[in-house]
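Here is the structure we will look at, set down as structure tokens.
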Amino acid sequence: MRPSLLMLLLVLQQLLPVEGGSQAAKELRNPHAMQTAIAGLNSTRDQVTYLLDSLLKGYDKSLRPVMKEAGATVITSYINIRSMGPISELHMDYALDLYFRQRWQDPRLRYDMFNISNNMSAGLILSMRMLDNIWKPDTYFINGKGSYMHTLTTPNKLIRLHPNGEILYSMRLTVKASCPMQLRYFPMDEQICPLIFGSYGYPSSDILYRWKQVTTGIERSPVVISTNVTLSQFNLTTSPEVRRHFRITRRGNFSVLSVYFHLVRHTGFFIIQVYLPCSLLVVLSWVSFWINREATADRVSLGITAVLTLTTLCHDSRQDLPRVGYATALDYFIVTCYSFLIGSIVEFACVHHFTKFGYGEPALEDDDDDDFDYDDDRDAGYQPSASEDEGGAFDANNGCSGGQRHDLMGRRSLNIETSPVGRRSVLCMGQTVAKRARKRAGLLERLLRCLRQAVGCLKGPNKRRQRRRLARINSVSRIDQISKVVFPTAFTAINLLYWLTYLKRIRFAAGDHLVGRGELHDSIV
């Protein structure tokens, strides 16, 4: 009894799938039977439910779809960008908010052989539960640093199934991608930021990525940027450039798609915040050339304050920049401003060392009239001693020898109104010679004094004092006069050369910004 019962169970196991659970699979192999079953349903909802259940019977989502005409599954991609930014030079990355769409064909999900309603012929929008039951490409962003899918208020995903088995898979993503930047021309630079994606596990023999071919209509490119996209520091110059590559790794060759965004930086912010203040600081340092060179503290403090202010501006402008191993265009300008500020301080040091000989307000000297009056008073109050009146010559103890007499006579003839030492030397010549000399000197002194007083009266009481004061006060330095012309001229010439050089920016080729340089190879799209 047991062998016969066992045989009966085996027969029933073979018959039950045909009569029950796998009836849909049998009908799928028989389109006429499936068409009859769908036509027997009254509502479109029931027809769609029956159709999807029938298509998923025996479907293995772990196996990729295989086309008869080609061994590899072709994934067609296109992107719609809603917003872009921020773009960070410090981290060398940028963010995108985009709709990422992929199309591929799965022959196992075709239903165009059935006579169905018009509502179903345009395509079926499937739920997220259906998405979990079918095969999807393992696309990832190669140069992505992070991404997330929007889930407010529901997961922003869409899947549409067309009668020919073509599947449209769309999702809204925010992607942060790396952007290798060349900052030698910063802030007059142009950057090309790539977005590269491909399959993570399937080589090019299994999956091929292609851009959507768009020749008519509004969308002229597989990458469309919304007209509302605005960037604070950059301008998108041209339409995004799309390419198709093969990425060579140790695991094999992988099909890769890439899009390049050409960005030109706005210079208005940096002109207002950096270039203009630095230039005004340099012009302010030139004020020291018009300050009196006796004002040492004023000129030095002006130069030091300008240098410290420029240091603060330089520090603020470098906060958002990476610590690259080369100088940017902004660095060259700041170094130039530093050079002119330090040059103004060194210029004053040269003025102070080579041409400044007075210190502060010079003291006013007494007039010659006062000197003569002082000498006259000395002469009037002078009374010869008894030895002088007696007319004898000094002996050896008084320190007067014959040779000294002749020397003193010679000096007396040159400067007759000398100090009392000179008058004592006259006594060495004897009483008679001394009296004659004093008479002649007195007449000459009176004559000179009268002449000088007459000239002083004609010129005025302060004329001579003013002349003597001007002789002692420093005049304008020749170095300052030259610097008033050389510094502005040199700074203007350097600025013209600077802007003419950096406004002719080098446009970098897109291939210079590929991630993994040397790993991507172009191919025909």
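Residue numbers for the sequence shown, in UniProt numbering: 1 to 525. Ideal Cβ positions, reconstructed from N, Cα and C, are used throughout, including at glycine.
Residue i, enclosing beta strand (DSSP E) - first and last residue
i      : result
Glu347 : Looking at the DSSP string, Glu347 is not in any beta strand (DSSP E); the run it does join, the alpha helix (DSSP H), is Ala329 to Phe354.
Cys193 : Glu190 to Ser199
Met84  : Thr73 to Ser88
Trp104 : Asp93 to Gln105
Ser258 : Gly252 to Arg265
Val229 : Neither: Val229 is in no beta strand (DSSP E) and is coded neither H nor E.
Phe246 : Glu241 to Thr249
Arg210 : Ile207 to Trp211
Cβ-based burial, residue i [other Cβ within 10 Å; buried from 16]
i      : result
Ser205 : exposed
Gly201 : exposed
His353 : exposed
Ile272 : exposed
Tyr59  : exposed
Leu414 : The predicted position of Leu414 is uncertain, since its pLDDT is 42 and thus under 50; a value taken from the coordinates is nonetheless stated next. Counting Cβ neighbours within 10 Å, Leu414 comes out exposed, since fewer than 16 surround it.
Pro240 : buried
Met128 : exposed
Ala306 : buried
Val455 : exposed
Tyr326 : exposed
Phe487 : buried
Leu51  : buried
Arg293 : buried
Cβ pair residue i, residue j closer than 8 Å
i      : j      : result
Ile207 : Ala72  : yes
Phe491 : Leu330 : no
Phe289 : Ser483 : yes
Pro203 : Trp135 : no
His262 : Thr238 : yes
Val256 : Arg247 : yes
Ile479 : Val346 : no
Leu321 : Leu183 : yes
Tyr338 : Leu310 : yes
Gly85  : Ser232 : yes
Ser178 : Asn143 : yes
Val229 : Ile81  : yes
Leu168 : Ile159 : yes
Leu98  : Val214 : no
Gly165 : Asp93  : no
Asp298 : Ile291 : yes
Thr355 : Ser477 : yes
Span of the alpha helix (DSSP H) around residue i
i      : result
Asp480 : Arg478 to Tyr502
Thr312 : Thr296 to Ser317
Pro277 : Leu276 to Ser285
Arg129 : Met128 to Leu131
Between the CA atoms of residue j and residue i - distance to the nearest angstrom
i      : j      : result
Ile225 : Ser83  : 8 Å
Leu109 : Leu56  : 8 Å
Val335 : Ser285 : 15 Å
Gly198 : Phe234 : 28 Å
Tyr275 : Trp211 : 44 Å
Arg243 : Ile196 : 9 Å
Val287 : Tyr502 : 30 Å
Asn253 : Tyr209 : 12 Å
Ala295 : Val485 : 21 Å
Leu308 : Cys193 : 37 Å
Val223 : Arg318 : 34 Å
Asp189 : Ile79  : 27 Å
Glu75  : Thr153 : One point to set straight first is that residue 75 is Ile, not Glu, in the sequence displayed. When rounded, the distance between both Cα atoms is 29 Å.
Thr227 : Tyr148 : 24 Å
Phe348 : Ser279 : 20 Å
Ser62  : Thr49  : 23 Å
Arg101 : Tyr111 : 22 Å
Leu6   : Met130 : In this prediction, Leu6 has a pLDDT of 46, which is less than 50 and means its spatial position is unreliable; nothing more can be read from the coordinates.
Val264 : Gln191 : 6 Å
Gln481 : Ala493 : 19 Å
His245 : Thr139 : 15 Å
Gly146 : Met171 : 16 Å
Glu390 : Gly442 : The pLDDT assigned to Glu390 is 43, lower than 50, so where the model puts this residue is not dependable, and the model offers no usable value.
Leu496 : Phe270 : 17 Å
Asp316 : Trp104 : 51 Å
Quick one: which unbroken beta strand (DSSP E) runs of 3-plus residues sit fully inside the segment 137-169? Chain order, please.
139-141, 144-149 and 157-161
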